[in-house]
Amino acid sequence: MTLHRIVLGMIIGITLTATTAVRAEPIVTERHQVSLHTITDELNKPWGMAFLPTGDLLITEKAGTLRKVSLDGTISAPIPGVPAVVDAGQGGLLDVAVDPDFATNRWIYLSYSEADPAGGNGSSTAVMRAKLTDSGLQDGTVVFRAIPKYDRAAHFGSRLVFSPDGHLFITLGDRFTAKDDAQTLDSHHGKVVRILPDGSIPADNPFINTPGALPEIWSYGHRNVQGAAIHPTTGELWTAEHGPKGGDEINIPAAGKNYGWPVATYGVNYDDTIISERTHVEGTEQPHYYWVPSIAISNIMFYTGDQFPAWQGDLFVAALKGSQIARLDLEGERVMHEETLFADDIKQRIRDIEQGPDGYIYLITDDRAGRLIQIKPAS
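So the mapping is simple: this note's numbering equals the position in the sequence shown, first residue as 1, plus 144.
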């Protein structure tokens with residue numbers, strides 16, 4: 145239904161920042177009273193985070209560093225073995241994911257903007273798999289490389305999320321000025337791709353037998369997919385698509401489906417010129433939910449913990465514009481209501497949102513004094 149709203153003991157080190165409240169008094173929301181606590185404000189433009197089984201976090205910084213952060217505020221030195229990144233525009237070191245079998249295989253996955261190995265000016269999103277050891281990352285292998293390389297430092301995506309059956313979804317962007325490529329199947333621009341953890345192609349991918357199509361493609365017609373999460377009940381992939389001026393979207397990408405960009409959109413260009421006169425085009429899917437005006441969405445998270453029982457099953461959407469979280473109250477997959485959270489409290493762009501193993505909610509902010517923030521029930 146479419147709704148519309150107008151370890152690493154050898155490399156640790158080093159920094160200790162006391163956990164501090166963002167503001168003294170509790171924040172009252174529709175369902176809970178909560179408090180926000182800054183664990184650290186010493187991250188340099190963090191982009192993605194993932195919890196390790198120990199309860200510590202791996203956090204990427206856009207310029208190309210990966211750090212381990214403990215919930216007492218301890219930040220490691222840069223972990224060795226991270227691939228070289230193109231830190232330009234929206235590119236850099238992007239998302240991080242931990243293998244579902246990390247306890248036995250130690251694999252982690254990093255997405256990043258990669259330079260053209262042939263020496264050209266272009267770049268594209270790539271994903272590296274490596275083993276996390278006490279001395280850094282080892283056995284790093286590129287398991288996905290978007291094609292073509294393109295000389296534009298915008299719209300790389302990119303989130304990494306594992307499906308319940310062990311496939312790795314990688315979300316990508318249209319590279320901005322190559323937006324028409326989102327409607328073709330011979331490039332990765334504007335796509336969601338699905339691979340196995342070693343980079344091989346699942347035999348049931350929708351375009352694996354389509355002549356001229358890239359076999360990794362799962363869905364197409366996307367703009368810049370910066371958020372992804374697996375629905376805790378259905379196991380389906382949900383994505384957050386950063387729109388133009390208007391037209392941020394939540395989608396539930398299905399195998400082989402076309403999600404319309406740029407032939408169908410609810411947004412306009414940043415200078416208010418028209419991208420498309422149409423919001424509906426035959427053969428394309430409507431967004432599950434969308435925003436006009438945009439809130440500049442980034443990552444998303446389904447809440448499944450016990451700390452906030454009245455939020456269980458809801459979708460939380462982080463936003464860059466307005467430094468807010470949108471809570472979508474769900475009945476099954478149907479969006480019943482939207483609540484805006486923390487619009488006056490954080491005052492930095494929110495880049496990622498994750499649920500911790502402790503049931504609390506964690507945010508990172510996109511700033512040179514980037515913060516790791518913990519959301520807890522108010523005392």
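Ideal placement from N, C-alpha and C gives every residue a C-beta, glycine not left out.
Since we're looking at a predicted model, the values are computed, not measured.
DSSP three-state assignment for residue i, whether helix, strand or coil
i       : result
Gln-282 : strand
Pro-453 : helix
Ala-232 : coil
Phe-306 : strand
Thr-328 : coil
Asn-395 : strand
Ala-470 : strand
Lys-323 : helix
Phe-313 : strand
Phe-300 : coil
Thr-248 : helix
Arg-289 : strand
Tyr-506 : strand
Thr-198 : coil
His-333 : coil
Arg-515 : strand
Ser-220 : coil
Ser-214 : coil
Ile-183 : strand
Ala-262 : coil
Gly-153 : Caution applies to Gly-153, whose pLDDT of 37 falls short of 50 and renders its modelled position unreliable; the value that the coordinates give is listed next. If DSSP states are grouped into helix, strand and coil, Gly-153 belongs with the helices.
Thr-146 : A caution first: Thr-146 carries a pLDDT of 46, below 50, which makes its placement in the model unreliable, though a value can still be read off. Residue state, collapsed to three classes: coil.
Thr-159 : Confidence is the limiting factor: at Thr-159 the pLDDT is only 38, short of 50, which leaves the residue's position unreliable and the question unanswerable from this model.
Phe-486 : coil
Leu-464 : coil
Val-242 : strand
Own chain residues within Cβ distance below 8 angstroms of residue i, not counting five before or after
i       : result
Asp-318 : His-299, Asp-325, Ala-326, His-333, Gly-334, His-366, Arg-367, Asn-368, Trp-405 and Pro-406
Thr-354 : Leu-329
Leu-474 : Gly-457, Asp-458, Leu-459 and Met-480
Ala-525 : This structure leaves residue 525 out entirely; the chain is present only between 145 and 523.
Leu-340 : Gly-310, His-311, Leu-312 and Pro-346
Ala-487 : Gly-466, Ser-467 and Gln-468
Among the options, nearest to residue i - alpha-carbon criterion
i       : options                               : result
Lys-491 : Arg-175, Asp-185, Thr-173 and Val-172 : Asp-185
Thr-269 : Val-287, Ser-279, Lys-275 and Ala-398 : Val-287
Ala-290 : Arg-273, Gly-387, Phe-320 and Ser-255 : Ser-255
Pro-350 : Gly-343, Ala-470, Val-336 and Pro-359 : Pro-359
Val-226 : Asp-450, Val-240 and Tyr-294          : Val-240
Ala-322 : Asp-473, Ser-267, Ala-259 and Thr-173 : Ser-267
Asp-200 : Asn-188, Gly-208, Ile-219 and Thr-209 : Ile-219
Val-425 : Ile-418, Pro-437 and Thr-409          : Thr-409
Asp-342 : Asp-502, Phe-313, Leu-507 and Pro-197 : Phe-313
Val-336 : Leu-304, Leu-485 and Lys-212          : Leu-304
Lys-189 : Arg-175, Leu-507 and Phe-246          : Leu-507
Arg-103 : Gly-476, Leu-472, Ala-487 and Asp-488 : With the chain covering only 145 through 523, there is no way to say anything about residue 103.
Gln-234 : Gln-499, Arg-495 and Asp-502          : Arg-495
Residues of its chain near residue i, where Cβ-Cβ distance is below 6 angstroms and the 5 sequence neighbours each way are ignored
i       : result
Lys-465 : Ile-439 and Ala-440
Ala-522 : Pro-170, Gln-177, Val-178 and Ser-179
Arg-250 : Lys-275 and Leu-276
Asp-260 : Gly-266 and Lys-293
Thr-209 : Pro-222
Pro-376 : Phe-446 and Thr-448
Beta bridge counterpart(s) of residue i as assigned by DSSP
i       : result
Val-369 : Glu-385
Asp-496 : Ile-508
Lys-275 : Trp-251 and Gln-282
Pro-190 : Glu-205
Val-178 : Ile-171 and Pro-521
His-481 : Asp-473
Thr-269 : Ser-257
7 angstroms CB neighbourhood of residue i in its chain, flanking five on each side removed
i       : result
Pro-595 : Within the shown structure, residues of the chain are numbered from 145 to 523, placing residue 595 beyond reach of any answer.
Gln-456 : Tyr-447 and Thr-448
Arg-149 : No answer about Arg-149 holds up, because its pLDDT of 41 lies below 50 and its placement is not dependable.
Asn-413 : Pro-388, Lys-389 and Ile-419
Arg-512 : Asn-188 and Lys-189
Val-213 : Thr-184, Asp-200, Leu-201, Ile-203, Ile-219 and Leu-516
Asp-283 : Ala-274 and Lys-275
Beta carbon proximity, residue i to chain E, threshold 8 angstroms
i       : result
Ile-469 : Reference to chain E is not applicable here, since this structure consists of a single protein chain.
Q: Ignoring anything shorter than 3 residues or poking outside the stretch 399 to 452, list the beta strand (DSSP E) runs there in chain order.
A: 433 to 435 and 441 to 446
Q) Which whole runs of the beta strand (DSSP E) in the stretch 335 to 366 are 3 residues long or more, in chain order? A) 335 to 339 and 361 to 364
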